[in-house]
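>
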Amino acid sequence: MNTLQEQIITQTALWQQAIACVNTHHQLEELRIKFIGKKGILQALFDQLGECSVDQKRLCGPLLNGFKKECEAALKEKKIALATNSVSTQTTFDVTAYTPEQLEGSLHPYSHFITEVQNIFLSMGFELLDGPEVETDYHNFTALNIPGDHPARDMYDTFWLNTPSMLMRTHTSTVQMRAMKEKKLPLAGICTGRVFRHEAVDASHDHTFFQCEGILIDKNVTLAHLFGVIKEFLQALFGSDSLAIRTRPGFFPFVEPGVEIDMQCPFCTTGCSTCKKTRWIEVFPGGMIHPNVLEEAGIDPTVYSGFAFGFGLTRLAMLRYGIKDIRMLSNGKVKFLKNFT
Ligand code: DAH
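Its first residue numbered 24, the sequence shown is counted upward by one per residue in my numbering.
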């Protein structure tokens, strides 16, 4: 058996070799356990030190302590290097393999469209809001004045998670309560994002699509402000300052009164297949935020009022780009996507 001193020197050399070869967190952990784990090499050496003579201890004690410190410092250093990716890995990626001319790809039509929608609202002073796609029953329904037994829940058949009361959001209206509770008044914001419904898929329905929700809350806000904002938005989007809107009453539990806003068909003057020869296209549901919803967010409905709207971003994108089948937006067909460079 080597002397303890020789063993320490040998193990130090082995450690130094091993730590230099570590490329992953997993390898690092294995090495840590092997050397400084409870039943590791260092502990075995310390056990031997305990059995040594006083002279041996005087010689080997500092050596062993030095080795321990070296292990701990190197582990720490390597952990940081791995986390910041500055360790050279064995897998190589040849950055010269492709020239820019060989690269294919373009922004998805959704990316183009969402940016355009956001820019129009940003130019009107709205801020961008965000919320999770996996939501609570509370934000999707209850907070929006749709209690557990309300028949309006039938309009929003969704995907429930195994975790109780958690679901894939059915609309971007979920950001309403989040924004009202988090932000200060006055508040004007929009949220664009994915929503989910338990739908049979066909050319005009999908289980996953995009919506845009907007809210504006201040003192003395009225429906006229809602109509003005929507008209301005549609005119900017379709590049026409004469595009008209018309309004009809509509029911949504979280607004009172609720409205449906239609836009004049931007594609024809006498009726076409897009507007089904009616000259009007149904686009925007909205209304004045229900006092129950404002109260739930801690906002006094006798002092503040606000409007909300929520439109099918997918549907508007399809109208805008003349996309006839909703499935084209998610099937990844390159031939289709190439039209949107
Ligand atoms: N969230 C509704 C839906 O998905 C749309 C909607 C209607 C949003 C009225 C609103 C609103 O903000 O006021 O069917």
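In this text, a Cβ means the ideal position worked out from N, Cα and C, and glycines have one as well. In this text, all values refer to a predicted model and were calculated from it rather than measured experimentally.
Just the C-alpha distance for residue 237 and residue 185, rounded to the nearest angstrom, thanks.
30 Å
> Pull the bridge partners of residue 314 from the DSSP assignment, please.
DSSP, once it has assigned bridges, lists no residue as partnering residue 314.
> What is the C-beta distance between residue 232 and residue 349, in whole angstroms, given that I count them as a contact (C-beta under 8 Å)?
7 Å
> Just mark residue 24 as buried or exposed, buried being the case when its beta carbon has 16 or more other beta carbons within 10 Å.
With a pLDDT of 47 at residue 24, under the threshold of 50, the predicted position of this residue should be treated as unreliable, though the coordinate-derived value follows. Looking at its Cβ environment, which holds fewer than 16 other Cβ atoms inside 10 Å, residue 24 is exposed.
> Is any heavy atom of ligand 1 found at a distance shorter than 7 Å from the C-beta of residue 194?
yes
> From what residue to what residue does the beta strand (DSSP E) around residue 240 run?
231-241
> Let's test the definition: count the other Cβ atoms within 10 Å of the Cβ of residue 274 and tell me whether it reaches 16, buried, or not, exposed.
Residue 274 is exposed by the Cβ-count criterion.
> Between the C-alpha atoms of residue 120 and residue 126, what's the straight-line distance to the nearest angstrom?
11 Å
> Would you say residue 331 touches ligand 1, meaning its beta carbon is less than 7 Å from a heavy atom?
yes
> Grab me the residues of residue 344's own chain with a C-beta within less than 7 Å of its C-beta, minus the 5 sequence neighbours each way, in chain order.
If the five residues before and after residue 344 are omitted, its C-beta is found closer than 7 Å to the C-beta atoms of 132, all from its own chain and listed in chain order.
> What's the call for residue 213, buried or exposed, on a 16-neighbour Cβ count within 10 Å?
buried
> For a minimum of 3 consecutive residues, which ranges assigned as the beta strand (DSSP E) are wholly contained in the region 183-269?
189-191, 210-219, 231-241
> On the three-pair Cβ rule with 8 Å, is the region 149-157 touching the region 192-204?
yes
> By DSSP, does residue 37 sit in helix, in strand, or in coil?
helix
> I need the straight-line Cα distance from residue 297 to residue 208, nearest angstrom please.
40 Å
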